[in-house]
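Remarks on the structure that follows.
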Amino acid sequence: MNSAPAETGPEAIQAKPKMAARGVNVFYGDNHAIKDIDLDLYADKVTSLIGPSGCGKSTFLRCLNRMNDTIPICHVTGEILLEDENIYTSGIDVVQLRARVGMVFQKPNPFPKSIYDNVAYGPRIHGLAAHRTDLDEIVTTSLEKAGLWQEVKDRLDSSGTALSGGQQQRLCIARAIAVNPEVILMDEPCSALDPIATAKIEALIDELSGRYAIIIVTHSMQQAARISRKTAFFHLGEMVEYGDTTEIFTSPKEDRTRDYITGRIG
Ligand SMILES: Nc1ncnc2c1ncn2[C@@H]1O[C@H](COP(=O)(O)OP(=O)(O)OP(=O)(O)O)[C@@H](O)[C@H]1O
Ligand SMILES: [Mg+2]
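Now the structure itself:
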């Protein structure tokens, strides 16, 4: 089964998805990497995407802000709705889209610029600050929300690349937050970090979770269980099962999900 089971219960009646995939397929040349995915993503719930290496988690995540557009052999079919608008219709401004749907990568990738300029970069491009004081305010609040302000407030002019890995990742989160996104995509954001830096990012995700829809790819089932309300399990390009995280980990409906969470596949 590769379509999302219908949600039932009172939550389903109230909640309208922030983003929704409808019949999404992705091809890299002849390689059919993502197969007919339907998935609803909610603004107020962190969603984890899990599954063995190569199952298509990053590929699917990149569909959500059209990052796959940058890969020439990549071809996407189906619809991805943000609110009610298909982001794959022609005429969509992808720069604007990527401000609304921000992304944090596996390896922290700050620009070789000052801490201040890393965070100010997006607001400058999008003309979000009329005056320097407005920009200062955006930089400060973004660093505060990313839990980095106390550590960097006295050295905003130092290079972002000189920070520790965990600090760099929080800087990248501040950079994403600075343009007021509605959705934040994270592709294994902790995989290059030590346990303490990982714990800080997890706490941050928890704090941000009311404000932004967060979709996170993780190889750590413990992490998925700790931070997400919803979990989708992918296998060989299909979405095998999607539901409340506790259910996926305690009583999965599909054999393939059970085999993965018990370590039999993957
Ligand atoms: N840039 C690319 N060009 C060609 N094929 C790609 C590209 N990126 C991914 N693929 C292919 O798409 C499929 C899914 O890969 P993807 O990177 O999405 O998996 P993943 O679940 O994120 O794996 P991992 O857990 O190892 O990061 C694989 O068959 C992979 O080889
Ligand atoms: Mg990946």
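Okay, so the sequence shown: first residue is 236 according to the working numbering, each after it adds one. Note that CB positions come from ideal geometry on N, CA and C, so glycine has one too.
Query raised in the report: Val452: beta carbon under 7 Å from a heavy atom of ligand 2?
Result: yes
**Report entry** 3-residue-minimum beta strand (DSSP E) runs that sit fully inside the region 314-383, ordered along the chain
**Finding:** 336-339
Report task. Look at the alpha carbon of Tyr323 and the alpha carbon of Asp389, and state the distance between them as a whole number of angstroms. Result -> 43 Å
**Report entry** Three CB pairs or more closer than 8 Å across the region 370-383 and the region 436-445
**Finding:** yes
Query raised in the report: Quick one: is Ile350 buried, meaning 16 or more other Cβ sit within 10 Å of its Cβ, or exposed?
Result: buried
Query raised in the report: How long is the line joining the alpha carbons of Asp273 and His366, rounded to whole angstroms?
Result: 43 Å
Report task. Please check if any C-beta of chain C sits within less than 8 Å of the C-beta of Arg390. Result -> Given the protein chain composition of this structure (a single chain), no chain C is represented.
Query raised in the report: Does the Cβ of Thr294 lie closer than 7 Å to at least one heavy atom of ligand 1?
Result: yes
Query raised in the report: Cα-Cα, which of Ala278, Lys251, Ile315, Val336 is closest to Asn415?
Result: Val336
Report task. Kindly list the residues whose CB is nearer than 7 Å to the CB of Met302, restricted to its own chain and excluding five residues on each side of it in sequence; keep chain order. Result -> Met338
Requested in this report: Return the first residue and the last residue of the alpha helix (DSSP H) that Leu428 is part of.
Outcome: Note, Leu428: premise wrong, no alpha helix (DSSP H); not H, not E.
Query - Cutoff 7 Å; reference Ser293; Cβ partners in own chain excluding five residues on either side - result: Asp422, Val452
**Report entry** Nearest-angstrom Cα separation, counted from Asp392 out to Asn321
**Finding:** 40 Å
Query raised in the report: Nearest to Ile431 by CA position, among Gly401, Leu406, Asp304, Ile450, is which residue?
Result: Gly401
Query raised in the report: What residue range is occupied by the uninterrupted beta strand (DSSP E) comprising Arg461?
Result: Here Arg461 belongs to no beta strand (DSSP E); instead the alpha helix (DSSP H) covers 456-462.
Query raised in the report: Does the count of Cβ pairs from the region 340-348 and the region 403-413 closer than 8 Å reach three?
Result: yes
Query - Ser288 CB to nearest heavy atom of ligand 1 below 7 Å - result: Yes, the Cβ of Ser288 comes within 7 Å of a heavy atom of ligand 1.
Requested in this report: Could you check which residue in Thr485, Glu482, Leu471 has the C-alpha nearest to that of Ser288?
Outcome: Leu471
**Report entry** Gly401: first and last residue of the uninterrupted alpha helix (DSSP H) it sits in
**Finding:** 400-412
**Report entry** Cβ-heavy atom distance, Ala268 to ligand 1, below 7 Å
**Finding:** Correct: Ala268 has its Cβ closer than 7 Å to ligand 1.
**Report entry** Three CB pairs or more closer than 8 Å across the region 308-321 and the region 253-262
**Finding:** By the criterion of at least three beta-carbon pairs nearer than 8 Å, the region 308-321 is in contact with the region 253-262.
Query raised in the report: Leaving out five residues before and five after Ser283 in sequence, what residues of the same chain have Cβ atoms less than 6 Å from its Cβ?
Result: Ile451, Thr453, Ala459, Ser463, Thr466
Query raised in the report: For Glu372, does the count of other Cβ atoms within 10 angstroms reach 16, so buried, or fall short, so exposed?
Result: exposed
Query raised in the report: So is the beta-carbon of Asp352 under 7 Å away from any non-hydrogen atom of ligand 2?
Result: no
Requested in this report: Rounded to whole angstroms, what's the CA-CA distance from Gly506 to Ala334? Just pull it up for me.
Outcome: This structure cannot settle anything about residue 506, because the visible part of the chain is limited to 236 through 501.
Requested in this report: Please find out if some non-hydrogen atom of ligand 1 comes closer than 7 Å to the beta-carbon of Gly291.
Outcome: yes
**Report entry** Distance CB(Leu296)-CB(Leu420) smaller than 8 Å
**Finding:** Leu420 sits close to Leu296, with the two beta carbons spaced by under 8 Å.
Query raised in the report: Any heavy atom of ligand 2 closer than 7 Å to the CB of Asp389?
Result: no
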